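2 protein chains.
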Amino acid sequence: MASTIFDVANRAGVSISTVSRVLNGKDRVHPDTRARVWEAVRELSYQTNAFAHGLATQRTHMLGFVIPQINDPFFMEIVRGVEEQAAESGYSLLVASQPQQPGEHRYLQLFQRSYVDAMVLVSIDVSLPEVEQILDRGVPVVLVQQDIGGKVPTVVADNYGGARALAEHLVDLHGYRRIAYIAGTDITPDSALRLRALEAMLNEHDLALDARYVVRGNYLRGSGRTAMRELLARQPWPEAVFAANDQMASDAILAIREQGLRVPEDIAVVGFDDVPLASYVVPTLTTVRQPIYEMGVEAGRIALRMIDAGLAGEPHRVTLPTKLVVRNSCGCVA
Amino acid sequence: MASTIFDVANRAGVSISTVSRVLNGKDRVHPDTRARVWEAVRELSYQTNAFAHGLATQRTHMLGFVIPQINDPFFMEIVRGVEEQAAESGYSLLVASQPQQPGEHRYLQLFQRSYVDAMVLVSIDVSLPEVEQILDRGVPVVLVQQDIGGKVPTVVADNYGGARALAEHLVDLHGYRRIAYIAGTDITPDSALRLRALEAMLNEHDLALDARYVVRGNYLRGSGRTAMRELLARQPWPEAVFAANDQMASDAILAIREQGLRVPEDIAVVGFDDVPLASYVVPTLTTVRQPIYEMGVEAGRIALRMIDAGLAGEPHRVTLPTKLVVRNSCGCVA
DNA sequence: CTGAAAGCGCTTACAG
DNA sequence: CTGAAAGCGCTTACAG
């Protein structure tokens, strides 16, 4: 059995109150006493029981972090950001993945039981009432890459601006007219926002977005290939394909090649995110960099502040800039 | 404030003992009473406090999962495996990333404080005494992709066998003689094992491994490029390069191309792992598939059994098969 | 089938 | 500067 605070108190010849004091560095304690306590702690290699501590203080020093698919490298970058922030303040990060079944919120529940002092939800399909229920229990919530209105602090990337810059590159610089879009899911607003930016840019040039050129994927591996095949069944082929993320863009390239066509000579392809994969695909992907890591840092920072001060003074929405990254898949040369 | 078991008891007109009983489904409780309690639970949307529960039962229903670099897609696959197992048994998964600083074991500590019922450590730089310290506290530990001897249950892939098959392909089928090796770190035994297999295969053909052809990387992005440049500074160039993982192999390909050379015509490259990236690189990577997901499932299964039954009867070591995946980077044609 | 009470291991006013 | 005691919210023998 692990030793308890009583064992330490016994060994040091003091009360458990005193042990608790030196452990937590609160109140004055006589230096000699303090030394004796630490000595006992060392000898017994005592570790304070987190459950007892959590029960007594109502503070867990843990940040709950929920992501939709734990095996996506994209989300792992955000984790890094949040973790860095948390560690600085002596907080630990509990990462949970949300099962894909819509409507199931296993980990939301888990965290509600006071496992964590605050929650950061990334791209999770939550509704405003659900979040408010958590807030009612006094657990601050920060949303990343999701926007459900209300006064829930939200960290997003400038999807519209990034997509606009990308569309402009396609239309203005390369002169493409028939541009297709491979959409992601609508769980978060990202995909729809990017499509809107593309459409707006087309309209500004007195061009219309052809509905037949809009097909749906799900962001995940393989879905870009299927979507691209659908596109290749249309006549005429699009001149360029804008995929809602890099994974689908990469798969689209494979699908185009399967048909014996070339990228970008026959059909140009661009993505979104700028994940590592984008630099390894051939041709390298023109895409939009999302400040993934930075979004994590910002979310962590807000969560930590809310733990101390409550919602007071927190911005309801932080939009981080995105950046066009031009490589070769759009038709530009190295 | 969240409601407590007392609130529920009040509302249902019973004692907290009874509430606890129906909540946990233990002992007989009169159906009518049970119904009243559930009703109260619903009305108050009561959630049992995990800390109080954990304190009282000494069981958390959580599996601790420690990985070295949370942003590596490779490890995310293992998480999926463990999680699937855990969920089936009503267990939740707490994922923690271990900071890179050697010797620091932040999360090891965290979990020791009885946050979790068992721990799964993946590719973590632990020593036998450290693990035994945890075991002494009654927390079962399962190691994945790491082997520190002793009787700690361990799940590994057949590194030696896989590397041997790969080396055989290179030497026997392609007839390469000058084969270089880009090593990973030595935190886990994997890299060294793969190198040994290569060397043994060479020896069987009365060939020697040239020490100048062994350079060190760290598995991570970019390190394969640096390592490959070192290799290209040697004369004569190797005919084939065996990188200890796909990431380094992919970067090696880029480095070779930078020199105006072709893969595999001038220099062949192979990797290890078979991560998604391997299919997107050009030429596609010949590599060895690791049963990543399966290793996670196996580790989760063992951990869960140990929670119930202790170490008794658990195998000390499970080796899962690997599989040669032939694509194009070795010189084979599509 | 159900309740009163002790116990899980800590923290924190309250006294001194 | 330090100790005794109540309290955090649950579970679980022990009685009945």
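Respectively, the protein sequence lines represent chains A and B. Numbers 9 to 342, taken from our numbering, label the letters of the first sequence in order. Numbers 9 to 342, taken from our numbering, label the letters of the second sequence in order. Just so you know, even glycine gets a beta-carbon here, dropped at the ideal spot from N, CA and C. Predicted model, so just to flag it, every value in this text is computed and none were measured.
- Message: Along the chain, where does the alpha helix (DSSP H) containing A/Phe250 start, and where does it finish?
- Response: For the purposes of this step, residue 250 of chain A is taken as the residue at position 242 of the first sequence. Here A/Phe250 belongs to no alpha helix (DSSP H); instead the beta strand (DSSP E) covers 248-251.
- Message: Can you pull out the residues from the region 271-303 of chain B whose beta carbon lies closer than 8 angstroms to at least one beta carbon of chain A?
- Response: Pro284, Leu285, Tyr288, Val289, Val290
- Message: I'd like the span of the beta strand (DSSP E) that includes B/Ile75, first residue to last.
- Response: Stepping through the second sequence from its first residue, residue 75 of chain B is reached at position 67. Start and end: 70-75.
- Task: Please name the residue in B/Asn253, B/Asp214, B/Asn211 whose C-alpha comes closest to that of B/Ser231.
- Result: Sequence index remark: in the second sequence, residue 231 of chain B carries index 223 (1-based). Comparing Cα-Cα distances from B/Ser231 to each of B/Asn253, B/Asp214, B/Asn211, the minimum goes to B/Asn253.
- Which residues, in order along the region 128-156 of chain A, keep a beta-carbon less than 8 angstroms from a beta-carbon of chain B? Gln141, Arg145, Gly146
- Start-end ranges of the alpha helix (DSSP H) lying completely within the region 132-189 of chain B, minimum 4 residues: 136-144, 167-176
- Using a Cβ-Cβ cut-off of 8 angstroms, state whether A/Ser97 counts as contacting chain B. As a first step, residue 97 of chain A is located in the first sequence; it is residue number 89 there, counting from the start. Closer than 8 angstroms: no.
- So, are the CB atoms of A/Ile187 and A/Glu247 less than 8 angstroms apart? Within the first sequence, residue 187 of chain A is the residue found at index 179, counting from 1. Within the first sequence, residue 247 of chain A is the residue found at index 239, counting from 1. A contact, by the Cβ cut-off of 8 angstroms.
- Message: Counting only beta-carbon separations shorter than 8 angstroms, does A/Phe14 have a partner in chain B?
- Response: On the first sequence, position 6 is the one that residue 14 of chain A refers to. With 8 angstroms as the cut-off, A/Phe14 does not count as an interface residue toward chain B.
- Query: According to a CB-to-CB cut-off of less than 9 angstroms, which residues of the region 181-198 of chain A neighbour chain B?
  - Reply: The residues in question: there are none.
- Item | Per-residue contacts from B/Gly230 into chain A (C-beta, under 7 angstroms) | Along the second sequence, one-based indexing puts residue 230 of chain B at 222. Within chain A, no C-beta atom comes nearer than 7 angstroms to that of B/Gly230; the closest sits roughly 10 angstroms away.
- Out of B/Val37, B/Asp35, B/Trp46, B/Leu181, point me to the one whose CA is closest to B/Asn18's CA. As a first step, residue 18 of chain B must be located in the second sequence, where it is residue number 10. The candidate whose alpha carbon is nearest that of B/Asn18 is B/Trp46.
- Task: Leaving aside the five residues before and after A/Arg88 along the sequence, list all residues of the same chain whose C-beta is less than 8 angstroms from its C-beta, in chain order.
- Result: The residue labelled residue 88 of chain A in the question sits at position 80 within the first sequence. Excluding positions up to five away in sequence, the list reads Tyr301, Gly304.
- Task: Taking only the alpha-carbon atoms, compute the straight-line gap between A/Ile261 and A/Tyr189 and give it to the nearest angstrom.
- Result: Here residue 261 of chain A corresponds to residue number 253 of the first sequence, with the count starting at 1. Here residue 189 of chain A corresponds to residue number 181 of the first sequence, with the count starting at 1. Distance between the alpha carbons of A/Ile261 and A/Tyr189: 14 angstroms.
- Item | Residues of its chain near B/Ile315, where Cβ-Cβ distance is below 7 angstroms and the 5 sequence neighbours each way are ignored | Here residue 315 of chain B refers to the residue found at position 307 of the second sequence. For B/Ile315, where only same-chain residues beyond five positions count, the Cβ hits under 7 angstroms are Asp125, Ala126, Pro148.
- By how many angstroms is the C-alpha of A/Met70 removed from the C-alpha of B/Ala342? On the second sequence, residue 342 of chain B is found 334 positions in, with the first residue counted as 1. On the first sequence, residue 70 of chain A is found 62 positions in, with the first residue counted as 1. Distance between the alpha carbons of B/Ala342 and A/Met70: 50 angstroms.
- Straight-line gap, A/Arg185 to B/Ser287 (C-alpha atoms, nearest Å): Taking the first sequence and counting its residues from 1, the one referred to as residue 185 of chain A is at position 177. Taking the second sequence and counting its residues from 1, the one referred to as residue 287 of chain B is at position 279. Going from the Cα of A/Arg185 to the Cα of B/Ser287 covers about 31 angstroms.
- Message: Which residues of the region 230-264 of chain B have a Cβ closer than 9 angstroms to any Cβ of chain A? Give them in chain order.
- Response: Gln255, Ser258, Asp259, Ile261, Leu262
- Just tell me which of A/Asp214, A/Met236, A/Ser135 has its CA closest to the CA of A/Arg224. Counted from its first residue, the first sequence places residue 224 of chain A at position 216. Considering only alpha carbons, the answer is A/Met236.
- Item | chain A contact residues for B/Val305, given Cβ-Cβ distances below 7 angstroms | By one-based count along the second sequence, residue 305 of chain B stands at place 297. Simply none; closest approach about 14 angstroms.
- Can you find a C-beta in chain B that's less than 8 angstroms from the C-beta of A/Ser105? Here residue 105 of chain A corresponds to residue number 97 of the first sequence, with the count starting at 1. Contacts with chain B at 8 angstroms (Cβ-Cβ) include A/Ser105.
- Message: Just verifying my parser: in three-state terms, what is the DSSP assignment at A/Arg313?
- Response: Numbered from 1 along the first sequence, position 305 holds the residue referred to as residue 313 of chain A. Residue state, collapsed to three classes: helix.
- Task: Pick helix, strand or coil for B/Leu217, following the three-state DSSP scheme.
- Result: Start at 1 with the first residue of the second sequence, and residue 217 of chain B comes out as number 209. Correct three-state label for B/Leu217: coil.
- Mind checking if B/Ile52 is an interface residue toward chain A, Cβ cutoff 8 angstroms exclusive? The residue given as residue 52 of chain B occupies position 44 in the second sequence. The residue asked about is misnamed: residue 52 of chain B is Leu in this sequence, not Ile. No, B/Leu52 lies away from the interface with chain A (no Cβ there is under 8 angstroms from its Cβ).
- Message: One question on the structure: do A/Leu151 and A/Pro161 come within less than 8 angstroms of each other, judged by their Cβ atoms?
- Response: For the purposes of this step, residue 151 of chain A is identified with residue 143 of the first sequence, where counting begins at 1. For the purposes of this step, residue 161 of chain A is identified with residue 153 of the first sequence, where counting begins at 1. Yes.
- Item | In DSSP terms, what B/Asp281 is bridged to | For the purposes of this step, residue 281 of chain B is identified with residue 273 of the second sequence, where counting begins at 1. In DSSP, B/Asp281 forms a bridge with B/Arg297.
- Message: Between the alpha carbons of A/Arg44 and A/Leu102, how many angstroms are there, rounded?
- Response: Here residue 44 of chain A corresponds to residue number 36 of the first sequence, with the count starting at 1. Here residue 102 of chain A corresponds to residue number 94 of the first sequence, with the count starting at 1. The straight-line gap from Cα to Cα measures roughly 34 angstroms.
- Ordered along the chain, which non-local residues of its own chain (more than five positions away) have a Cβ less than 6 angstroms from that of B/Tyr54? For the purposes of this step, residue 54 of chain B is taken as the residue at position 46 of the second sequence. Answer for B/Tyr54: Ser11, Val16, listed in chain order.
- Message: For the alpha helix (DSSP H) containing B/Val49, name the first residue and the last one.
- Response: Here residue 49 of chain B corresponds to residue number 41 of the second sequence, with the count starting at 1. Element bounds for B/Val49: 39-51.
- Message: Beta carbons nearer than 7 angstroms to chain A: which residues of the region 40-64 of chain B have them?
- Response: Gln55, Thr56, Asn57, Ala58, Phe59, Ala60, Gly62, Leu63
- Can you tell me whether A/Asp194 is buried or exposed, with buried defined as 16 or more other CB within 10 angstroms of its CB? In the first sequence, counting from the first residue as 1, residue 194 of chain A sits at position 186. Per the 10 Å Cβ criterion, exposed.
- Query: Of the residues B/Glu92, B/Ile132, B/Ser97, B/Ile75, which one's Cα is nearest the Cα of B/Ser104?
  - Reply: What you label residue 104 of chain B is simply residue 96 of the second sequence in a count that begins at 1. Position check: residue 104 of chain B holds Ala in this sequence, whereas Ser was assumed. Closest option to B/Ala104, Cα to Cα, is B/Ile75.
- Message: Strictly below 7 angstroms CB to CB, what residues from chain A border B/Tyr123?
- Response: By 1-based counting over the second sequence, the position of residue 123 of chain B is 115. Ala58, listed in chain order.
- Message: I need the boundaries of the beta strand (DSSP E) containing A/Ala126, first residue and last residue.
- Response: Counting from 1 along the first sequence, the entry for residue 126 of chain A is found at position 118. Note, A/Ala126: beta strand (DSSP E), 126-130.
- Query: So which residues on chain A does B/Ala175 lean against when the C-beta distance must stay under 8 angstroms?
  - Reply: As a position in the second sequence, residue 175 of chain B is number 167, starting the count at 1. Chain A residues near B/Ala175: none, gap ~25 angstroms exceeds 8 angstroms.
- Message: In the DSSP assignment, the alpha helix (DSSP H) including A/Thr327 goes from what residue to what residue?
- Response: Taking the first sequence and counting its residues from 1, one reaches residue 327 of chain A at position 319. That residue, A/Thr327, is in no alpha helix (DSSP H); its beta strand (DSSP E) goes 325-328.
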